[in-house]
Every structure is written in C-alpha cells, then in structure tokens.
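S.K.: For reference, the structure I am asking about is given below.
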C-alpha cells in the first residue's frame, strides 16, 4: 500500500480554546491548533460499566484490583464529538504535537490523547511555561516524548482517590447522612478546620491589664506602653495558655484594681528616659509567587477566594499575560531576572537594584516538577499601565499584584533603623505608692525603601497581634531627658482563641504540612464548602456540625487516613513515582491490600466492627444537654426531664433547634441552656378535624412553623381486607404495601405561632388554596399563599393581594375587579434593599442585596450573584459580598449556545 503523501500540515493539541487561538498566532502557517477542552476520558461510574464487566474485578471501582490496578477508561459522552474532530484533523497531518500543560495532569491528558487517537505519524511532546512568541519557539526547539513516570504518578493519584472515596464514603452514608463524601485530601482539610474550632471551643480566656500613656519631649510626643513593674515584666497575652493559666515565670499579672492604682499614682510622677537603643534595620523582598503564595496574597490584598484567584490567573495565562499559574517553584529564568532588574532600574533608579541578581530556590516540601515562578510573561515585562485597557478589573488587579511582586523580588533590601525607648517613673501616693513603672516604645525609620517602593507582602491574623506595636517614628531623645506625661490610663484585655482559618491561612498551613498539591488547594477548599462541611463567616472558615460527626467517625475508625503526617507521606510517595523511584501498581497494592502486619484499606473497611451512629453524632455541650446531628440538621436534647409551664406535662427529653448561623464555638453551656429555655414546642395538638377524625397538630419545622394532620396507620384488619390481585395463572399476588396518604399541611401566617394558632385557623390553612369561583369564561380563580406573599391565580395569570388575612376574606367580586385592571409590570412600589454594603472596589458602584424571583441576590448594578443557600442574609458581610461579586466576574459572562437555524430545503424544480 503506498504511503500517504506529505501534506505539510502539523496538528497541535492544547487544552483550552483560548490557548489555541494565541498559540496559532505564534506558530503561523502549516500548523493546525486544536483544543481538547480538558480531559477526554476518565473512569466511569461502576454502574455505567458494560454488564459483562460488572461482576469482574473491575466492577467495584472501574479499576481492575486483581491485575495491577489497571483503570478502565471511557471517553466522556460530551467529548466523543471532540475526539472525532481531532481524529479527522489528524488524518490530514504529518505530525502530532501534544502541547498540554507541563504538570502531571497535563502529562496525563497528553497520554490519554495518544491512547485514544492512536496516531500513525511522528508524535512530539511540547511544553511551555508562558504563551509568548519566544516561549513557543523555544518549546519547538526542546521537544520530547510523553513522560511515562509523570503519567504513572497522575494515574496512581486518580486510582487512589477512587479507592479512598468509594470505600470510605459509604460508611459515612450509613452512620452520618446520605450524600456525604470522603476524600484523600478534602477530609484532612476538613479535619484541620474542625480541629481549629475544637481549640476555640476548649479555649478559656484570661483577663490582664496594662497601662498606656502619651509622653512629650522637646522634639515631639509619642505613645508608650507599660513594660515592667518593679523590674518584673508585665504579663501580656503571650504569657497565658489556652486554659487561661499564666505560664510565664517572673512576670507581674496586673488586675483592674492594681492597674488603676498604678495609673492614678503616675499622674503626677516625674518621667525620664532610661535608655535609647538603636539597631540597623534590613528587610529582604519576598520571593516571586508560587501557586500557593499567589492564592494567599490575593486573598489578603484583593479579597479574592482561592477559586476566584485561579480562574482569573487561568485567563491571564491563556491570553499571554503571565506564566503558567500552577507551580511550586519560586525560581525565575535568566530572561525574567534580566527583565525584572531592567524594569526596576528604569522605574525606580539604578540604586534600587542590587549588584548581583537574587536567586530563589526554596520549594515546598511536596514540590512537583519545576516550572518557573508565576510572573509577567515575556522576555520583557509589560507594566500594569500598558495592559490596563486590555484587561477586566479583576484581571488587572491580579496582573498588577504579580508584576509588583516579581519586580520587587529583584530589588534592593529596605534599609533603616529601629529604636527602642525605655522610660520610667516611681508612683506618687495612693494604693500603689513607691512602685517603679517602666514604659517602652519602639519605632522603625526607613531610610532607604528599596523593594518597598514597589511592593510589601501582606500577613494573616495571628494571636498576639493585640500585643504588637506598630512601627512608627520616635522623637530624638537621650538618656535622662525629662518627659511630660498625659493620658496615662489602665487598659483591660482578654486573651484571644486561635483565629479561624481563612482561605489564605489554610493554604499556607496546607503547604507547610505538605498536604495535597498547591495546584489543587483552590478546588479542595471550594469542595469542602460545596459539601456543606465548611461555610464562610466573613473571610473565616467555620465548620458545620455535620463536619464534626464526619471527622469524629474518620478519626475513630480510619485514623491514618485523616492523619496529617500520613497524608503528607502519601504525597512524598507520589513524588517518588513521578521521579521513577517507585512503581504505581506496587504502591497501590500496598495501600489497598496491606503488607506483612500492616493492614491495607480493604482490611480496615472489612473489620470496622459495630459503629454506634448515635454516639458518633452526639457532642456533649454541658451537663444534661447534648448536641445531636440529625437528619434535618443539628438540635439540642436534654436528658433531664422538664415540665411544660403551660400544660404541666413532663417532657422526658426536651429538644431545641440550633440556629444555622450559630458557630460551634458560640454554642457555650450558657447558650445551650438559653436555647433550651426559649425553645418553642416541637409539636402542639390542636384537636380533631370533625370531618375526617384526624388529629391536627402545629409544628416547628426546618422551614418554619406549620400545621398538619396525622393520618393513622392502617390496622391489621384493614390490611387484611384489601382487594386481592391475581396472576394470569389464577394464583394470588403478594399483598402490596399500602400507599401512604399525603397529609394536608399549611404554613402559619406571619402573625401566628405554634403557641397561639387555633384548630379553626389550622383547618382553614390546610384547606388552601381557596376556590373563589369562576370568571365569565369559566376559568377558576383561586387564592393562596406563596413565597412572596398571598396572591390570586387564574390559569397562568397571578396577581398579588394585600395581606395574608385577606386570603380568607377576599370575595370573587373583588378578585374579578383586580383582574379587570391591566397587569402592572415593574410599576410596583420600590422595595428597599435587604442590605447595603457601600461601593464595590472594582465597579465603584453601590453593593446591595435584593430579593429576586429565585431568592436574594447581590448586585452592584452591573454584576449579579445569588446569595449562597449556606449563607444567611444576616451573616452576609461586605467582604463576602465583594468576594462573591469578584468570583462571578472572574467566571466571565455566561455563554449561551444558540442553534443556527437551518435554511429551508430548496424545492426540486418541477419536471416539464
């Protein structure tokens, strides 16, 4: 068979359409650049396997656990058309270039393309860290084969996650709640958030006092803080442990009385400077961004979520503005170092650039294959001003942050001096007479800003911040100088619990512990929020009570799999596989089946023993009160019998709902008692419906108070008297389980409560919707209550009415009068917003929360985003509103697919 004639065309496959357009521009004629649009195949759900495979070793995981854990991949249904298109393009090509991302996932995508397309032409692996003309041409000069070790590492990770999730998640379904999931990294991250909340719950605050004063000299005034009394250091927050105990020795613990006495005794005391210490100050710039540090800094400075940061960074990379955004390396190429030094010199002056380039080589403990740090793309950088008109607001802000950090990383150290003044006096008169009090003040003076002229790194909240002194300029004083004192006051403090994690601080801690991969932190943090394990309160991450139950079960029965060191060691092992030092199948066999005396996951799951679901879902709050995680959410239960003050009935185990916006550490013993004492009755019997004989009750439900009827179960006699059905052969069919009748229900009006609603009112509520009659055309008109208030309905035409009470008083004539009027659209009285948060930092328009057709939403007049169901309007903060709008903008406009209308078929000409 003759060989195919050369066409001169070369097929290049990348992941995203945005990249394909930019790269095609640089490669020029002869290259066809297509996008795979991410992965083209994956592991199917076991239920989707062909019938003949379901009873084989593949059946449980879509992974052959008996033959080297070989995965069974299928082309995703939504990618079959794309695969067909790529195969068609490949038929006319002389060579195939796999130009997916250079990380493990990108390597796996390239391998999958190779496996599915089965090319008969030369294949080349092409990688680049930025999408610029120079980088693309350099990549063409450094082609290689697909790295099988990287593919093995990524495939091992995929199979590992399938084994972990599919073995452990069903245990959560049986013992906690249906629909929950366990994940190799997500469960450990959830544990970190839960552990921090446990620390806060166990924390006991301690009170301590100190003094502050304003002191004046000829050269100026300054503020100082009491540092020592009679030569002993004054206790601060750092001197107490989390049990509220003073742990430091040789310190003075001031109470309110002593602090007040000292302040009174120092009002007329003679203060003098006791010492002035000056030290040189030097500060080095931070390294260029890695994925982790970019997420942290964008969270601190731009209020971006990790997910939003990565979405914006992805667009910047694909459009050629920055280098690849998934990287563990903070190293810069020689071209980037030269570009940064040149730009710093041009913008700030040659004195701002050190003689030798700065070299950064520190990497995270679990760093994977080296990319360059995240920096502006190109061998020469575009300033933010040069790209401002080409970028959206969020894109510009992130680019500016990356540009500043990169340029600053090659600039000179900041220089200055730090001065500490110690001053003191002896108290005069009063209860504390004769006590020696020494105050201290520190300040830093920057004499040469160096890199600070371009950029200063942010920091996360930490304990002890309340004890730190801000850097400030101090007056020029000398030892023994006299000082005037004013505003000497005693100030009380309380020690603070460990701060909750923010996305930025959680990302930093994950990297420090070596858990997971920085490139996946954003999706992991997003996942634990989507699963309901964690919610945001402002910028803080707060665990749900169901997260407590899940983590408790995992700690008790799968301890290693949520252990921080064990998880970090797994990442190290995956690195060994990526480096060719270990084989994936052998590692998976050890993990799943165990080795020697070390059990594997399968053995642990098969030997769980009895798990007490009630114990797992119970958390003691105080004597006699326990929090339970139930099917419909958390609630408190008292084991101490109580007496209903209204009915005198003895309640063996009273219950109270826990407000959804109450953080776990806020559920103190006192709060639990308060909730129990103020809890509305769960159920109140109102009487019997005279028409049906059914008992009618009022209840407090998850979505508000309502009334309903209790339909009794069928008796044995009724069941026996059910009609019998027969098969065609005359034999009787087994009796069917009777279909339960659906009870009538009705939500209480806003003016009603479970305590006050009557039987007559309940019967009226359960009778809704109320039929008023018909119009002239015979169309029925009804009145009912809805989410947005009471309304009339005639077919599809709905009209609002005034109040809920009108539901039972409005007449057919009044309804017809309302329908005789033209339907008002948009002419309703303006409804005030549910909340206002001031101007948005990007659009500069006012942010408000409004009630919409599909629920409350946040808007700045340009961008709209629905308030997440997990967030109550009352707990929504300005920071969260800004963040949600930023995330929505980061996603870009919704692309609406339109189907091209086919031209009508041309009629054949009539035959003559």
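Numbering (the working numbering), first residue to last: 3 to 914. Built from N, CA and C at the ideal position, the CB exists for glycine as well.
Cα separation between residue 576 and residue 155?
M.R.: Approximately 6 Å between the Cα atoms of the pair.
S.K.: How do the region 197-214 and the region 567-581 stand: do at least 3 beta-carbon pairs fall below 8 Å, yes or no?
M.R.: The region 197-214 is not in contact with the region 567-581.
S.K.: Closest to residue 716 by C-alpha separation, out of 739, 314 and 125, would be which residue?
M.R.: It is 739 whose Cα lies nearest to the Cα of residue 716.
S.K.: Starting from residue 794, trace the beta strand (DSSP E) in both directions and tell me its first and last residue.
M.R.: From DSSP, the beta strand (DSSP E) with residue 794 extends over 791-796.
S.K.: Compute the Euclidean distance between the alpha carbons of residue 17 and residue 41, then round it to the nearest angstrom.
M.R.: Distance between the alpha carbons of residue 17 and residue 41 is about 8 Å.
S.K.: What number of angstroms, rounded off, separates the C-alpha of residue 198 from the C-alpha of residue 804?
M.R.: Those two C-alpha atoms are separated by around 49 Å.
S.K.: Less than 7 Å between C-beta atoms, sequence neighbours within five positions excluded: which residues of the same chain meet that for residue 889?
M.R.: Cβ neighbours of residue 889 beyond the five flanking positions: 307, 309 and 310.
S.K.: Work out the CA separation of residue 510 and residue 541 for me, nearest whole Å.
M.R.: Rounded to the nearest angstrom, the two C-alpha atoms are 15 Å apart.
S.K.: So is residue 352 buried or exposed if we call it buried at 16+ other beta carbons inside 10 Å?
M.R.: With fewer than 16 Cβ atoms within 10 Å of its Cβ, residue 352 is classed as exposed.
S.K.: Near residue 845, what residues of its chain come up, given a Cβ to Cβ distance below 6 Å and the 5 sequence neighbours on each side ignored?
M.R.: Excluding positions up to five away in sequence, the list reads 862 and 864.
S.K.: Counting C-beta neighbours from all protein chains within 10 Å, is the total for residue 46 16 or more, i.e. buried, or is it exposed?
M.R.: That one is buried.
S.K.: Name, in chain order, the residues that DSSP records as bridge partners for residue 412.
M.R.: DSSP output for residue 412 lists no bridge partner at all.
S.K.: Pull the bridge partners of residue 284 from the DSSP assignment, please.
M.R.: Residue 284 is bridged to 417.
S.K.: Could you check if residue 640 is buried or exposed, using at least 16 other CB atoms within 10 Å of its CB as the buried criterion?
M.R.: Classification of residue 640: buried, given that the 10 Å Cβ count is 16 or more.
S.K.: Report the CB separation of residue 837 from residue 812 in whole angstroms; it is logged as a contact under 8 Å.
M.R.: Wrong, their Cβ atoms sit about 33 Å apart, outside the cutoff.
S.K.: To the nearest angstrom, report how far apart residue 22 and residue 459 are at their CA atoms.
M.R.: If I take the Cα positions, the gap works out to 35 Å.
S.K.: Output the distance between the C-alpha atoms of residue 749 and residue 614, rounded to the nearest integer angstrom.
M.R.: Distance between the alpha carbons of residue 749 and residue 614: 36 Å.
S.K.: What distance in whole Å lies between the Cβ atoms of residue 131 and residue 373, which are believed to be in contact at a cut-off of 8 Å?
M.R.: Confirmed, about 5 Å.
S.K.: Helix, strand or coil: how does DSSP classify residue 445 here?
M.R.: Of the three classes helix, strand and coil, the one that applies to residue 445 here is strand, per DSSP.
S.K.: Could you name the residues of the same chain whose beta carbon sits closer than 6 Å to that of residue 369, not counting the 5 residues immediately before and after it, in chain order?
M.R.: Note that residue 369 scores a pLDDT of 49, beneath 50, so its modelled location is shaky; the value from the coordinates is reported in the next line. The answer, listed in chain order, is 330.
S.K.: For the 8 Å Cβ check, are there 3 or more pairs between the region 310-322 and the region 552-566?
M.R.: No, the region 310-322 does not touch the region 552-566.
S.K.: Name the two residues that bound the continuous alpha helix (DSSP H) containing residue 269.
M.R.: It is not in any alpha helix (DSSP H) - residue 269 carries neither H nor E in the DSSP assignment.
S.K.: Within the continuous beta strand (DSSP E) that includes residue 839, where are the two ends?
M.R.: Per DSSP, residue 839 belongs to the beta strand (DSSP E) from 837-841.
S.K.: Assuming residue 267 contacts residue 891 under a Cβ cut-off of 8 Å, what Cβ separation, rounded to an integer in Å, is found between them?
M.R.: With 8 Å as the limit, residue 267 and residue 891 do not qualify as a contact, their Cβ atoms being about 59 Å apart.
S.K.: If you follow the alpha helix (DSSP H) that residue 558 is part of, which residue opens it and which one closes it?
M.R.: Its alpha helix (DSSP H) spans residues 547-559.
S.K.: For the alpha helix (DSSP H) containing residue 336, name the first residue and the last one.
M.R.: Here the alpha helix (DSSP H) through residue 336 covers 336-350.
S.K.: So residue 418 and residue 449 are supposed to be a Cβ contact under 8 Å. How far apart are they, rounded?
M.R.: The pair is a contact, with the Cβ atoms about 5 Å apart (cut-off 8 Å).
S.K.: Using three-state DSSP, classify residue 111 as helix, strand or coil.
M.R.: Of the three classes helix, strand and coil, the one that applies to residue 111 here is helix, per DSSP.
S.K.: Reducing DSSP to helix, strand and coil, say where residue 27 ends up.
M.R.: Reduced to three states, the DSSP call for residue 27 is helix.
S.K.: So, helix, strand or coil for residue 495, using DSSP?
M.R.: Here residue 495 sits in strand by DSSP.
S.K.: In terms of residues, what are the limits of the beta strand (DSSP E) holding residue 787?
M.R.: From DSSP, the beta strand (DSSP E) with residue 787 extends over 782-788.
S.K.: Please report the Cβ distance between residue 77 and residue 118, rounded to the nearest whole angstrom; I am assuming they are in contact, meaning their Cβ atoms lie under 8 Å.
M.R.: Going by Cβ atoms, the distance from residue 77 to residue 118 rounds to 6 Å, so yes, they are a contact pair.
S.K.: Is the region 291-306 touching the region 416-436, taking contact as three or more C-beta pairs under 8 Å?
M.R.: No, because fewer than three Cβ pairs between the region 291-306 and the region 416-436 fall closer than 8 Å, the two stretches do not touch.
S.K.: In or out: residue 828 buried (at least 16 other Cβ within 10 Å) or exposed?
M.R.: Residue placement at residue 828 is flagged as unreliable, the pLDDT there being 48, under the threshold of 50; the coordinate-derived value follows with that caveat. It is exposed - the Cβ of residue 828 has fewer than 16 other Cβ atoms within 10 Å.
S.K.: Considering only residues of the same chain and omitting the five flanking positions on each side of residue 783, which have a CB-CB separation below 8 Å?
M.R.: Closer than 8 Å at Cβ, skipping near neighbours: 773, 774, 775, 776, 777, 794, 795, 796, 814, 817, 818 and 821.
S.K.: Within 10 angstroms of its Cβ, does residue 405 collect 16 or more other Cβ (buried), or is it exposed?
M.R.: The residue in question, residue 405, is buried, as its Cβ has 16 or more Cβ neighbours within 10 Å.
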